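Single-structure report; data block below.
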Amino acid sequence: MNRREIVLAPIVHVLGARPNFVKAAPVIDALRAAGAEQVVIHTGQHYDERMSEIFFTELGLPEPDVNLGVGSGSHAAQTASLLVGLEEEFTSRSPALVIVYGDVNSTIAAALVAAKLHIPVAHVEAGLRSFDNTMPEEINRRLVDQLSDLAFVTSPEGVGHLANEGVDVDKAHLVGNPMIDTLLANLDKFDTDRVRAENGLPDRYVLATMHRPANVDSPETAAALVGHLHGVADLAPLVIPVHPRGRANLMAAGLDDHEGVHVLEPLGYIDFIAAVRGAAAVVTDSGGLQEETTILGVPCLTVRPNTERPITITHGTNRLVTFEELVPAARKALESQVGESARKPPLWDGQAGPRIAEVIMEFLVD
Ligand code: UD1
Numbered sequence: 008m009n010r011r012e013i014v015l016a017p018i019v020h021v022l023g024a025r026p027n028f029v030k031a032a033p034v035i036d037a038l039r040a041a042g043a044e045q046v047v048i049h050t051g052q053h054y055d056e057r058m059s060e061i062f063f064t065e066l067g068l069p070e071p072d073v074n075l076g077v078g079s080g081s082h083a084a085q086t087a088s089l090l091v092g093l094e095e096e097f098t099s100r101s102p103a104l105v106i107v108y109g110d111v112n113s114t115i116a117a118a119l120v121a122a123k124l125h126i127p128v129a130h131v132e133a134g135l136r137s138f139d140n141t142m143p144e145e146i147n148r149r150l151v152d153q154l155s156d157l158a159f160v161t162s163p164e165g166v167g168h169l170a171n172e173g174v175d176v177d178k179a180h181l182v183g184n185p186m187i188d189t190l191l192a193n194l195d196k197f198d199t200d201r202v203r204a205e206n207g208l209p210d211r212y213v214l215a216t217m218h219r220p221a222n223v224d225s226p227e228t229a230a231a232l233v234g235h236l237h238g239v240a241d242l243a244p245l246v247i248p249v250h251p252r253g254r255a256n257l258m259a260a261g262l263d264d265h266e267g268v269h270v271l272e273p274l275g276y277i278d279f280i281a282a283v284r285g286a287a288a289v290v291t292d293s294g295g296l297q298e299e300t301t302i303l304g305v306p307c308l309t310v311r312p313n314t315e316r317p318i319t320i321t322h323g324t325n326r327l328v329t330f331e332e333l334v335p336a337a338r339k340a341l342e343s344q345v346g347e348s349a350r351k352p353p354l355w356d357g358q359a360g361p362r363i364a365e366v367i368m369e370f371l372v373d
């Protein structure tokens with residue numbers, strides 16, 4: 008394909024859920040600088056203003072060319088709507104390449120549709136593995152990597168995981184972490200004092216986020232978790248912006264029945280990372296936050312039995328904890344002075360977007 012054909016056939020980005028927006032911003036910027044024609048399809052998997060639109064505004068993402076409005080549903084219902092909507096879009100737009108991000112249902116749906124239409128697929132954040140198939144994201148990751156023509160890997164062990172699963176290593180490109188590109192590009196904007204003042208937060212606090220199905224979907228588990236979060240709030244005020252998944256169960260379990268707990272609505276990107284930057288420690292089950300705390304040097308307690316991001320433990324501030332370990336680990340984290348990690352994961356330097364764009368442009372002109 009020559010340069011003229013690239014202009015005619017667009018690169019299509021498929022974005023659906025909050026973490027996708029943060030990863031796509033630097034890739035779209037770098038491809039724009041390289042002169043590529045781009046189309047952004049928002050699947051509508053996340054649709055609340057605070058889960059979606061605010062990210063587009065704050066990150067300078069282009070207005071989506073189309074929003075499929077798939078919304079919420081069971082995995083089957085949501086994925087089915089995604090498949091049908093994306094097939095229509097890809098058929099009418101004939102992309103030169105489809106770029107998918109992370110591990111959400113929009114990611115696997117887009118990769119599957121593109122592969123069956125013989126459209127090349129690029130996966131940003133390939134090769135991560137928790138080896139825990141009870142996580143829907145792990146199933147999505149494995150399948151997307153099998154379907155991808157370009158696998159953009161954030162962390163060296165990811166290349167080995169791909170090789171072990173029979174993925175041709177020539178497809179794998181260790182490029183660093185675009186989520187960290189976005190973090191570093193916005194460092195000047197993370198004003199913790201402003202976020203504290205606007206949300207009535209104390210000077211010293213622990214920031215928590217909880218949304219994994221394994222932690223919040225069952226009322227019994229959510230209630231047990233709330234008990235341990237109250238234990239953390241006994242040590243220091245606990246600030247928790249609540250994701251819509253789990254809100255009902257966490258609140259029904261009395262999350263805010265403790266004077267040290269500050270429940271917030273979901274925050275936009277800038278305010279959220281500012282709140283993380285100012286936290287004495289973070290308690291989470293998020294994937295991205297394990298990476299962001301690694302760069303910001305904030306102690307991170309991940310309430311999960313495993314992580315697909317072990318580099319955040321070996322090179323960062325992350326530690327896995329059980330429910331029972333949470334309060335003692337929080338006590339210890341609050342006593343520690345972690346500061347910026349001495350060792351940063353390789354290539355987490357703010358240049359992943361340009362590296363990805365370079366590989367893509369080479370792939371398309373070959
Ligand atoms: C999805 C991803 C998860 C990612 C998370 C980031 C999958 C399988 N999971 O989980 O990997 O960490 O996004 O946030 O794709 N809801 C709203 N408003 C919204 C979006 C969701 O109210 O804008 C509610 C709905 O009740 C919905 C529930 O949240 O049923 C869950 O949304 P869904 O998109 O299914 O998955 P997440 O839990 O957000």
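With the numbering used here applied, the sequence shown covers 8 to 373. All C-beta atoms, glycine included, are put in the ideal place defined by N, C-alpha and C. Since we're looking at a predicted model, the values are computed, not measured.
When V310, A288 and R311 are compared, the shortest CA-CA separation from T300 is found for A288. Judged by DSSP secondary structure, Q45 falls within the beta strand (DSSP E) whose first and last residues are Q45 to H49.
In the DSSP assignment, H250 falls outside any beta strand (DSSP E), carrying neither H nor E.
Between the beta-carbon of G134 and that of H168 there is about 5 Å, and that keeps the pair under the 8 Å contact cut.
Setting aside the 5 residues that flank it on each side, E272 is surrounded in the same chain by R57, P248 and V249, each with a C-beta closer than 8 Å to its C-beta; the list follows chain order. Secondary-structure assignment with DSSP links R326 through a beta bridge to L308. In the three-state reduction of the DSSP assignment, A288 falls in the strand class. In the three-state reduction of the DSSP assignment, H125 falls in the coil class, being assigned neither a helical nor a strand state.
By the criterion of at least three beta-carbon pairs nearer than 8 Å, the stretch 251-264 is not in contact with the stretch 180-196. Annotated as distal: V111 and G253, with beta-carbon spacing of 8 Å or more. By a beta-carbon distance limit of 8 Å, V160 does not contact V176. Their separation comes to about 10 Å.
The residue among I318, A158 and F138 with its C-alpha nearest the C-alpha of K178 is A158. Rounded to the nearest angstrom, the Cβ distance from P361 to H322 is 22 Å, too far for a contact under 8 Å. Look at A259 here: in three-state DSSP terms it is helix. If you draw a 10 Å sphere on the C-beta of V283, you find 16 or more other C-beta atoms in it, and that means buried.
N74 has H49 as its beta-bridge partners, per DSSP. Here DSSP, grouped into helix, strand and coil, assigns Y276 to helix.
Going by beta carbons, S155 and A129 fall inside the 8 Å limit.
Taking 8 Å as the cut-off, the Cβ atoms of V268 and L242 do not count as close. Linking Q52 to P306 through their CA atoms gives a straight-line distance of about 31 Å. Approximately 4 Å separates the beta-carbon atoms of I115 and N147; this is inside 8 Å, confirming the contact. Shortest gap from the CB of G76 to any heavy atom of ligand 1: 7 Å or more. If you draw a straight line from the Cα of H235 to the Cα of D264, it comes to about 13 Å. D224 and A230 have their C-alpha atoms roughly 10 Å apart.
Residue pairing by DSSP places F159 opposite V131 and H180 in a beta bridge. Under the three-state reduction of DSSP, A24 is assigned to coil, being neither helix nor strand. Counting other Cβ atoms within 10 Å of its Cβ, P209 stays below 16 and is therefore classed as exposed. No heavy atom of ligand 1 is found nearer than 7 Å to the CB of P71. In this structure, the CA atom of D36 is about 32 Å from the CA atom of E172. The beta carbon of L354 sits closer than 6 Å to the beta carbons of G183 from its chain, once the five residues preceding and following it are set aside; these are given in chain order. In this structure, T319 lies away from E332, with their beta-carbon atoms at least 8 Å apart. Residues close to ligand 1 by the beta carbon criterion (under 5 Å to any non-hydrogen atom) are, from first to last along the chain, A24, R25, Q52, H53, Y54, D55, M58, S79, V111, N112, P143, E144, P251 and R252. Per DSSP, I363 has no beta-bridge partner at all.
When rounded, the separation of the alpha-carbon atoms in P251 and S59 is 12 Å. For G294, the number of other beta carbons within 10 angstroms of its own is at least 16, and it is reported as buried. In the three-state DSSP reduction, V111 falls in the coil class, being neither helix nor strand.
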